[in-house]
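Structure first, then comments.
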Amino acid sequence: MQSSYHQVYASWKSDPEAFWRDASRAIVWFKEPQQIFSPSQGAYGRWFADGETNTCYNCLDRHVLAGRGTETAIIFDSAMSGAKARFSYEEALAEVQAIAATFQAFGIGKGDRVIIYMPMVPEAIFSMLACARIGAIHSVVFGGFAANELAARIDDSGAKLVVTASCGLEPGRVVAYKPLVDQAIAAAKSKPAHCLVLQRPQLTAELVPGRDHAFQEAVALHHGRSIPCVAVKAIDPLYILYTSGTTGQPKGVVRDNGGHMVALHWSMANIYAMKPGEVFWAASDIGWVVGHSYIVYAPLLAGVATVIFEGKPVGTPDAGAFWRVICEYDVRVLFTAPTAFRAIRREDADGEFVRHYSKPHFRALFLAGERADPETLKWAEKMLKVPVIDHWWQTETGWPIAANPLGLGELPVKHGSASVPVPGYEIQVLDDAGHQVPPGTLGNIVAKLPLPPGCLPTLWEADERFRSAYLEEFPGYYKTADAGYVDDDGYLFIMSRTDDIINCAGHRLSTGAMEEVCAKHPDVAECAVVGIADPLKGQVPCGFLVLKKNVTRAKATIEAEVVKLIRDQIGPVAAFKTAVVVERLPKTRSGKILRGTMQKIADGEPWKMPATIDDPAILHEITDALRSKGFGSLPM
Numbered sequence: 001m002q003s004s005y006h007q008v009y010a011s012w013k014s015d016p017e018a019f020w021r022d023a024s025r026a027i028v029w030f031k032e033p034q035q036i037f038s039p040s041q042g043a044y045g046r047w048f049a050d051g052e053t054n055t056c057y058n059c060l061d062r063h064v065l066a067g068r069g070t071e072t073a074i075i076f077d078s079a080m081s082g083a084k085a086r087f088s089y090e091e092a093l094a095e096v097q098a099i100a101a102t103f104q105a106f107g108i109g110k111g112d113r114v115i116i117y118m119p120m121v122p123e124a125i126f127s128m129l130a131c132a133r134i135g136a137i138h139s140v141v142f143g144g145f146a147a148n149e150l151a152a153r154i155d156d157s158g159a160k161l162v163v164t165a166s167c168g169l170e171p172g173r174v175v176a177y178k179p180l181v182d183q184a185i186a187a188a189k190s191k192p193a194h195c196l197v198l199q200r201p202q203l204t205a206e207l208v209p210g211r212d213h214a215f216q217e218a219v220a221l222h223h224g225r226s227i228p229c230v231a232v233k234a235i236d237p238l239y240i241l242y243t244s245g246t247t248g249q250p251k252g253v254v255r256d257n258g259g260h261m262v263a264l265h266w267s268m269a270n271i272y273a274m275k276p277g278e279v280f281w282a283a284s285d286i287g288w289v290v291g292h293s294y295i296v297y298a299p300l301l302a303g304v305a306t307v308i309f310e311g312k313p314v315g316t317p318d319a320g321a322f323w324r325v326i327c328e329y330d331v332r333v334l335f336t337a338p339t340a341f342r343a344i345r346r347e348d349a350d351g352e353f354v355r356h357y358s359k360p361h362f363r364a365l366f367l368a369g370e371r372a373d374p375e376t377l378k379w380a381e382k383m384l385k386v387p388v389i390d391h392w393w394q395t396e397t398g399w400p401i402a403a404n405p406l407g408l409g410e411l412p413v414k415h416g417s418a419s420v421p422v423p424g425y426e427i428q429v430l431d432d433a434g435h436q437v438p439p440g441t442l443g444n445i446v447a448k449l450p451l452p453p454g455c456l457p458t459l460w461e462a463d464e465r466f467r468s469a470y471l472e473e474f475p476g477y478y479k480t481a482d483a484g485y486v487d488d489d490g491y492l493f494i495m496s497r498t499d500d501i502i503n504c505a506g507h508r509l510s511t512g513a514m515e516e517v518c519a520k521h522p523d524v525a526e527c528a529v530v531g532i533a534d535p536l537k538g539q540v541p542c543g544f545l546v547l548k549k550n551v552t553r554a555k556a557t558i559e560a561e562v563v564k565l566i567r568d569q570i571g572p573v574a575a576f577k578t579a580v581v582v583e584r585l586p587k588t589r590s591g592k593i594l595r596g597t598m599q600k601i602a603d604g605e606p607w608k609m610p611a612t613i614d615d616p617a618i619l620h621e622i623t624d625a626l627r628s629k630g631f632g633s634l635p636m
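Residue numbers are given in UniProt numbering: position 195 of the sequence shown equals residue 195, and the series is strictly consecutive.
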């Protein structure tokens, strides 16, 4: 199949308004937008500003009205508890209407904010859609987040209601959510009037009289209710999503209703090549942007069944968990983070579990969330024998910036590249002075304004902060804060965050390039490179290596081989002299490696335990490993 990407991209570039007007016709509008783009509104303009619609209506009601009500909309699978369930569009709509009526009974209406602090259960998705139905603004906070971080989000959003669960389930433990919610509300200056608590059988929470209500009992009172969708403006907020790892004043990314739906609906067919009635699985969490966009909204907008999975890529119960779900539910496309595949590869390097499960209709694997190193990508290609596509986007954009668009015909794959800019995005690479750099030159990746529909128009009640953080440094562009380069064919290579560029004796070195080489060592399953302060060179790189299972060779030997590999393939200019084998890398719950914290530990700077860390004990292991190499660390 020959790709039509170049023609589609050219058609967008020649007339962006006509392109997005055509895409907007896939959405049901209560009031059709006449003004496709309003350049004078907002920080860089607004899309479909005079249109009115409702996101829940487009996700559920319209499919029911089109005669698809009995088709599967949501598949729930908990590897933690063994619970499984399917919901048709009609069943999902009934649940959402009952929850929407419950919210209204607690005084929630258009424009009010609702915090959703839930595990991966259907009630969490239904609660998001119930907010959208009545015009309320949801802010999902990853379940199990620290109480002080939750309090900061309650205060920043001014939430009137918290929807939570008694607990979340992790391998080997039950995480009590309610005590964290109680601590957060006690610490918050803005007190939510009510808290709805989903009681799970694994742990029952105590309820505060007058404030707390059992979710199941409260919603049961409203089953059978018909709650109409509230018309909202296309530019009204659908949700606030606070970016992970924020400290101090939280940074709340705002997503609108109209542009968000148009972009996500377009992406499902054109990027992911999904058709109505098929099954799509984004193996993420609703606490992150991937969960918002590609577990909840995009599949349902496109009439595609979506999977809600409560489990892990390994350990629930083994490294075959993903293949079991794909086989059982006939998943056509999987979207997950590269870190998930590194974990699977480490546990099952020969692919025994991959071969155990039949996947006759599985078409493609998409990776995003951090850079997909070529070795992991090649391993996945070899094991799955389907296209493996590394694509790139951010919490702020809400949908892909660069991808190999399967729905437009697959382009040639270049390992290490996020492929090409998606229609809607004009990407350039600039030096620190704002000048465009030649192909192949490392620089700051920026997107020319205006950003397309679906991207953040601002931060929640922080317009000036939005301008200063994203628009001021490179006038006329959105600063992605990612560094990389574009090659002669227009393929984009994301090498690191701009603050992960190492300045070594005047040379700008990419951590991503060094990690790529480290990963080529046959014993290395996963790696991270950070810059450590050096009095002579400014910074020097240090590599952290996680070995594959059952590797018995001496750690010191492997470390020396990796140092030589970097010297041979990048050169002495990299000044790469230190590699250290560790058991695990510190990561956020979404799978991002906490390189900044590792760097502070190595430099002996004060550091805080990140709120988003998956396992705090790992940082103490990193501290011990660095001390063994002579690098100091200050206590937290």
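Quick reminder that beta carbons are idealized off the backbone N, C-alpha and C, glycines included.
Going by DSSP, what residues sit across from residue i in a beta bridge?
| i | result |
| --- | --- |
| residue 428 | 446 |
| residue 679 | Since the first and last residues shown for the chain are 1 and 636, residue 679 lies out of range. |
| residue 518 | Partner(s): none; residue 518 has no beta bridge. |
| residue 237 | 256 |
| residue 491 | Its beta-bridge partners do not exist; DSSP assigns none. |
| residue 436 | 430 |
| residue 637 | In the structure as shown, the chain begins at 1 and stops at 636. Residue 637 is therefore absent and cannot be evaluated. |
| residue 137 | 113 |
| residue 77 | 84 and 309 |
| residue 361 | Residue 361 is not bridged to any residue. |
| residue 399 | Per DSSP, none; premise fails for residue 399. |
| residue 497 | 482 |
Using the three-state DSSP reduction, which class does residue i fall into: helix, strand or coil?
| i | result |
| --- | --- |
| residue 303 | coil |
| residue 103 | helix |
| residue 407 | helix |
| residue 286 | coil |
| residue 642 | Lying before the first or after the last residue shown, residue 642 is absent from the chain, which here runs from 1 to 636. |
| residue 108 | coil |
| residue 132 | helix |
| residue 5 | helix |
| residue 318 | coil |
| residue 25 | coil |
| residue 168 | strand |
| residue 470 | helix |
| residue 345 | helix |
| residue 280 | strand |
| residue 378 | helix |
| residue 34 | coil |
| residue 616 | coil |
In whole angstroms, give me the CA-to-CA distance for residue i and residue j.
| i | j | result |
| --- | --- | --- |
| residue 426 | residue 456 | 16 Å |
| residue 613 | residue 585 | 11 Å |
| residue 256 | residue 221 | 31 Å |
| residue 251 | residue 396 | 10 Å |
| residue 58 | residue 160 | 26 Å |
| residue 302 | residue 81 | 30 Å |
| residue 247 | residue 459 | Low confidence applies to residue 247: its pLDDT is 43, below 50, so where it sits in the model is not reliable enough to give any reading. |
| residue 4 | residue 203 | 53 Å |
| residue 464 | residue 38 | 20 Å |
| residue 298 | residue 283 | 14 Å |
| residue 110 | residue 338 | 38 Å |
| residue 245 | residue 611 | Low per-residue confidence applies at residue 245: pLDDT is 41, beneath 50, and the placement is therefore not dependable enough to give any value. |
| residue 90 | residue 70 | 6 Å |
| residue 577 | residue 376 | 24 Å |
The beta strand (DSSP E) with residue i in it runs from where to where?
| i | result |
| --- | --- |
| residue 483 | 477-486 |
| residue 534 | 524-534 |
| residue 173 | 173-176 |
| residue 332 | 331-336 |
| residue 389 | 388-390 |
Using a C-beta cutoff of 8 Å, does residue i count as contacting chain B?
| i | result |
| --- | --- |
| residue 24 | Given the protein chain composition of this structure (a single chain), no chain B is represented. |
Go to residue i, then tell me how far its alpha helix (DSSP H) extends in each direction, as first and last residue.
| i | result |
| --- | --- |
| residue 579 | From DSSP, residue 579 is part of no alpha helix (DSSP H) but of the beta strand (DSSP E) over 578-581. |
| residue 213 | Looking at the DSSP string, residue 213 is not in any alpha helix (DSSP H); the run it does join, the beta strand (DSSP E), is 212-214. |
| residue 296 | Residue 296 -> no alpha helix (DSSP H), and no H or E assigned at all. |
Can you find at least 3 beta carbon pairs, one from the stretch 36-48 and one from the stretch 448-458, that sit closer than 8 Å? Yes, the stretch 36-48 is in contact with the stretch 448-458.
Touching by the beta-carbon criterion (3+ pairs, under 8 Å), the stretch 512-522 and the stretch 457-477: Using a C-beta cut-off of 8 Å, the stretch 512-522 makes no contact with the stretch 457-477, since fewer than three inter-stretch Cβ pairs fall below that distance.
Using 8 Å as the Cβ pair cut-off and three pairs as the minimum, do the stretch 169-178 and the stretch 93-100 touch? no
Does the stretch 480-489 touch the stretch 425-443, meaning 3 or more C-beta pairs lie closer than 8 Å? yes
Could you tell me whether the stretch 208-228 touches the stretch 263-271, using the rule of 3 or more Cβ pairs below 8 Å? Contact fails: fewer than three Cβ-Cβ distances are below 8 Å.
Mind the definition here: the stretch 353-371 touches the stretch 319-332 only if three or more C-beta pairs lie below 8 Å; say whether that holds. yes
Inter-stretch contact (C-beta, 8 Å, three-pair minimum) for the stretch 222-236 and the stretch 189-198: As far as the Cβ criterion goes, the stretch 222-236 does not touch the stretch 189-198, which means the pair count is below three.
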